[in-house]
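Heads up: the sequence shown runs through residues 4 to 152, numbered per the numbering used here.
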Amino acid sequence: MSSYRQIYYHIVFRTKNSEKTLPVVHLKKLFAYLLGILRQKNCHLYRINGMPNHLHILIDLHPNIALAELMRDLKTSSSIWLKEQDEFKNFKGWASGYAAFTKSIHEKEQILNYIKNQQEHHKKESFTDEFKRLLKEENIEVDEKYFLN
4 MSSYRQIYYH IVFRTKNSEK TLPVVHLKKL FAYLLGILRQ KNCHLYRING MPNHLHILID
64 LHPNIALAEL MRDLKTSSSI WLKEQDEFKN FKGWASGYAA FTKSIHEKEQ ILNYIKNQQE
124 HHKKESFTDE FKRLLKEENI EVDEKYFLN
């Protein structure tokens, strides 16, 4: 008998100290790099987008990989790569944590649109406010120390 699964994750992670070190005009180059890592891990990328200080990703996580392992690989590999790219010369690293929210097929379209419209969304809400709101919507207690590094 075959195994069936569907594991959607909406992942959010930020730059160290939330510094704006990811120029929006060069983000597609970073997205392509991250897509390569996700493909190596047999994860399906549905959407990626971001701002100069954070990224949002919607993926289907392959059951053979742990979320923590994926995030370690994504952040470590991309950090090394970013520091080698002239377009990201101010990048100092990723913050230590991340958020990952499981989502159902019924929420997929809404999350896809939310991620797609990041630039418009952040004309009205800061990353810190957005992140705290997302945590509260998932009934996750906000740990203020996350916002310190």
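We put the CB at the ideal spot given by N, CA and C, even for glycine.
- Counting C-beta atoms within 10 angstroms of its own C-beta, Gly39 has fewer than 16 neighbours from the protein chains shown and is therefore classed as exposed.
- In the three-state reduction of the DSSP assignment, Phe130 falls in the helix class.
- Residue pairing of Tyr11 in beta bridges, as defined by DSSP: Asp63, Lys106.
- Counting the other Cβ atoms within 10 Å of the Cβ of Ser81 gives 16 or more, which makes it buried.
- In the structure shown, the three-state DSSP call for Asn52 is strand.
- By the Cβ-count criterion, Arg42 is exposed, with fewer than 16 other Cβ atoms from all chains shown falling within 10 Å of its own Cβ.
- Distance between Ile114 and Val145, taken at the CA atoms: about 21 Å.
- Contact between Ile60 and Leu48 holds, with the beta-carbon distance rounding to 7 Å and staying under 8 Å.
- Tyr117 and Lys23 have their alpha carbons spaced roughly 20 Å apart.
- If you look at Asp146, you'll find it isn't in any alpha helix (DSSP H); DSSP assigns it neither H nor E.
- In the structure shown, Leu138 falls within a helical segment according to DSSP collapsed to helix, strand and coil.
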